[in-house]
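First the structure, in the form of structure tokens, and then the observations on it.
Protein chains: 2
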Amino acid sequence: MKELLHQHISNHVTIPEKERDRFCNLFKHQLVKRKRFLLQAGETCKFEGFVIKGLFRVYHVDQNGFENILYFAIENWWITDIDSFTNTIPSQLYIEALEDSEVLLISKKDKEFAYINLPQIEKLFRIMTQKTHVALQRRMIDNLSKTADQRYLDFIKKYPQLQQRLTNLQIAAYLGISHEFLSKIRKKIVTGS
Amino acid sequence: MKELLHQHISNHVTIPEKERDRFCNLFKHQLVKRKRFLLQAGETCKFEGFVIKGLFRVYHVDQNGFENILYFAIENWWITDIDSFTNTIPSQLYIEALEDSEVLLISKKDKEFAYINLPQIEKLFRIMTQKTHVALQRRMIDNLSKTADQRYLDFIKKYPQLQQRLTNLQIAAYLGISHEFLSKIRKKIVTGS
DNA sequence: TGTATTTATTGAACTTGTTCAATCTTTTTG
DNA sequence: CAAAAAGATTGAACAAGTTCAATAAATACA
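If you read the protein sequences in the order shown, they are chains A and B.
The opening position of the first sequence corresponds to residue 11 in the working numbering, with each subsequent residue numbered one higher.
The opening position of the second sequence corresponds to residue 11 in the working numbering, with each subsequent residue numbered one higher.
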């Protein structure tokens, strides 16, 4: 059940088996049914999760009730609201399963224990946070400099497998456009302009 | 000269003075005149910098030659292209001094040395990367969910001191709008609608 | 200090993307 | 399987933001 996490850790840091296992034992396995929430806005995020099956979306609801998706998480991805989790403040985000899913969850206390007692874990999360930061920086650049058409084409090229598991509503909410406009972009692409 | 860095480190981690000093000694002091570049697109970013005086902008130039500012860095902020630096790939970014500035620079090799030999440094950068990631995540949410008017009002409220050191062109490039449109937003605010 | 350069403002025409409403298709669920 | 719910498409009217061009104001620097 924790093979994916074992593998993931070993892929990113050199770590004694014993230390890795002590860390993995801090996680609790949890099933999350489709449409169920791991986190809702207003709650303080008390976990960091590692997805071993399924698909989640992490999104924000603005004043007008419009949903903006920050990211999707599939197998081998981490999910949390890092802002709420690290600063112990109410979250602005929802984390919802889009398919029947499974996650491994670690509490804040256990993660802090790991930071103190398992030195390679500090490195692991330094590296993972760097990676997610790089991904977000790239997305920020794209959002600032590309049109919706280009962003959509980039998205389906970059995540072809993910696209098939998502509705166009969800893709639109990720791209930051209305789903009607996405529909028009898709038509334009099919008809060749 | 390295007092700011000393202070900054002690503010974020508990570290023996000796370890902190060994780390600080890895930095080289550098003056950067206004309009000079620390990094230009195409180069691989070979440093991480800590600003001790002045002001920098970190920006991207898109296909149409339009400049998008990712962030500004003043005293006590770190500057680098984390993507280029960590993955050793050509940067898409420019880092330019907007005022006569001073930075402390550390090379990739010395930073890796620190990660291996100075355990609290791993923690320091885990925390700093988390912080910058949180800031970027907040900005991403704002960009997805707020109008240009709101983003401008938020910006001058959040960074009043920074606003005075920037031109409206630079603020517009940060907000992701044309400077003409920013001018119209400003007029609307002054005339009270 | 005066000239050149950069920055800021404004208006008009235009483009990109939104909103609303109607219709159709697909998926979910009792 | 049937009904209900969710998702996708389309068009028309609208709003947000861009582009271009002209002019004025502020700043840099020889």
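Think of the CB as a built atom: it goes at the ideal place given N, C-alpha and C, for glycine as much as any other residue.
Going by other Cβ atoms of all chains shown within 10 Å of its Cβ, with 16 needed for buried, is A/GLU58 buried or exposed? Buried is the call here.
Can you give me the Cβ contacts of B/ASP152 inside the same chain, cut-off strictly under 7 Å, excluding the 5 residues immediately before and after it? Around B/ASP152: ARG161 and ASP164.
At least one CB of chain B closer than 7 Å to the CB of A/LYS118: is that the case? For A/LYS118, the answer is no, since every Cβ of chain B falls outside 7 Å of its Cβ.
Check whether the Cβ of B/GLY64 lies closer than 7 Å to any Cβ atom in chain A. False, the Cβ-Cβ gap to chain A never drops below 7 Å.
What is the residue span of the beta strand (DSSP E) that A/ALA206 lies within? No statement about residue 206 of chain A is possible, as the shown extent of chain A runs from 11 to 203 and does not include it.
Of the choices A/GLY75, A/LEU41, A/SER94 and A/LYS118, whose alpha-carbon is the least far from that of A/LEU110? A small fix is needed here, since residue 110 of chain A is Asp in this sequence, not Leu. Looking at the Cα atoms, A/LEU41 is the closest of the given residues.
Residue range of the unbroken alpha helix (DSSP H) whose run includes A/LYS168: 158–168 is the extent of the alpha helix (DSSP H) around A/LYS168.
Closer than 8 Å, Cβ to Cβ, to anything on chain B: give me those residues from the region 77–97 of chain A, in chain order. Residues ASN78, LEU80, ILE92, ASP93, THR96 and ASN97.
In chain order, what residues of the same chain lie with their CB nearer than 8 Å to the CB of B/MET138, ignoring the 5 residues before and after it? Answer for B/MET138: HIS22 and TRP88, listed in chain order.
I need the DSSP call for B/ILE25, collapsed to helix, strand or coil. In this structure, B/ILE25 counts as coil in the three-state DSSP scheme.
What separation, rounded to the nearest whole angstrom, lies between the Cα atoms of B/ASP120 and B/LEU128? Roughly 11 Å between the two C-alpha positions.
Beta-carbon neighbours of A/GLY186, restricted to chain B and to distances below 8 Å: Going along chain B in sequence order, the residues near A/GLY186 (Cβ under 8 Å) are ASN153 and LEU154.
Chain B within 7 Å of A/GLU132, Cβ atoms only: With 7 Å as the cut-off, A/GLU132 counts as an interface residue toward chain B.
What's the call for B/HIS39, buried or exposed, on a 16-neighbour Cβ count within 10 Å? Counting the other Cβ atoms within 10 Å of the Cβ of B/HIS39 gives fewer than 16, which makes it exposed.
Rounded C-alpha distance that separates B/LYS28 from A/PHE95: C-alpha separation (whole angstroms): 32 Å.
Taking the alpha-carbon positions, what's the A/GLN147 to B/LYS197 distance? If you draw a straight line from the Cα of A/GLN147 to the Cα of B/LYS197, it is about 32 Å long.
Do you know offhand how far A/CYS34's Cα is from B/ARG136's? Note on geometry: alpha-carbon atoms of A/CYS34 and B/ARG136 lie some 20 Å from one another.
If the criterion is Cβ atoms closer than 7 Å, does the pair A/LEU15 and A/LEU114 meet it? A contact, by the Cβ cut-off of 7 Å.
Shortest alpha-carbon distance to A/ILE92 belongs to which of A/GLN102, A/ILE84, A/GLU13 and A/TYR125? A/ILE92 has its Cα closest to that of A/GLN102, out of A/GLN102, A/ILE84, A/GLU13 and A/TYR125.
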